[in-house]
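Just below is one structure, and these are the notes that go with it.
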Amino acid sequence: MTRVLVTGGAGFLGGWILKALKAQAHEVRIFDRTSDRRILREIVGDEAEQVEWHQGDIADAEAVKAAASNCTSIVHLAALLTPACKNDPVLGATVNLIGTLNVFEAAKANAIGRVAYASSAAVFGPDDGLTPYPVTQYGAFKLACEGSARAYWYDAGIASIGLRPTVVYGPGRESGLTAGPTLACREAVRGNSYTIGYSGPQDMIFVADVAAAFAAAATRFYEGAHAFSLGGACENVPDVIQAIRSEIPGAKIDFTGEAVPMAPNIAATDNKRLGVVTLTGLQLPA
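In the numbering used here, each number is its position in the sequence shown, counted from 1, plus 393.
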């Protein structure tokens, strides 16, 4: 039986990965700082009450090792997002970098041979999707995690895939620099106004597609340490607003601010080890 530990599993992406893994009949164990299952209930319903849960801090190495006991693979999501890393870089490094090292140490201690972890398209910075050149603390920490994952393959034989999602949107997202499109949809449905806090073009990918990629990375056999970009359709913010208004005429949505410090049109990478990854377009079918 495959039992997957999902760190940071109480959040938006964790809920969708739980849904994807359970649909494939895998066992799932959640490790998170909180015991709040509210977001998971919104995504998976009653399944949120049934999932095994370990509460703890990703910076606590022994707690992570204990949570990983008897698991066959790990999906590592626990992290602080861009604004929090900017406000407190030392805490950001503790959670995002040291936390990732704790996950790989837990894998080594428990003879777990496979880790799928959340990197980010922020490793590229704003210029292109080819050359890693982060301009945020968050992106810098994520790039460092990719290097450490590679070292664990050479030092300990732990295979890994780091996935670099671009702007992830979908039901359940509530926080992060690029949560604006999702929050705009929610507020439009409620009849409220909303301002997306950035401008410019960005690759956007639906959360179910990202979850399917993580499920594949956690359960397929492969060797080596890899990092793959997950980009969907490249959309300008005004086009996103127009898509919302096409479904909810008169929606009071606008935008302000600078472009996100992350390159649009992230270069495609060799994702064949993940199998077929579905990409859901922004426009709904007629």
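Just so it is clear, CB atoms sit at the ideal spot from N, CA and C, and this is done for glycine as well.
Three or more pairs of CB atoms, one per stretch, sit closer than 8 Å, so the region 563-578 contacts the region 423-441.
A check of alpha carbon separations from E442 across Y526, I451, S512 and L411 identifies L411 as the nearest. Here R583 is exposed. Its C-beta has fewer than 16 other C-beta atoms within 10 Å.
Proximity to E616 across N629, S553 and Q530 peaks at S553, based on C-alpha coordinates. Secondary structure of N629 (DSSP, three-state): strand. Assigned with DSSP and collapsed to three states, D548 falls in helix.
For D596, the uninterrupted beta strand (DSSP E) segment begins and ends at P594 to F599.
Around the CB of F614, fewer than 16 other CB atoms lie within 10 Å, so the residue is classed as exposed. Note on the region 474-532: whole alpha helix (DSSP H) runs with a minimum of 4 residues are 475-480, 482-486 and 492-502, in chain order. In the structure shown, the three-state DSSP call for T588 is strand. Taking C-beta atoms under 8 Å as the contact rule, A461 and N503 qualify, at a distance of about 5 Å. According to the DSSP assignment, T575 belongs to the alpha helix (DSSP H) that extends over G573 to R583. P642 counts as exposed, since fewer than 16 other beta carbons sit within 10 angstroms of its beta carbon. Residues T395 and V397 of the same chain have their beta carbon placed closer than 6 Å to that of H419, with the five preceding and five following residues left out of the count. Here the alpha carbons of A611 and V508 stand approximately 6 Å from one another.
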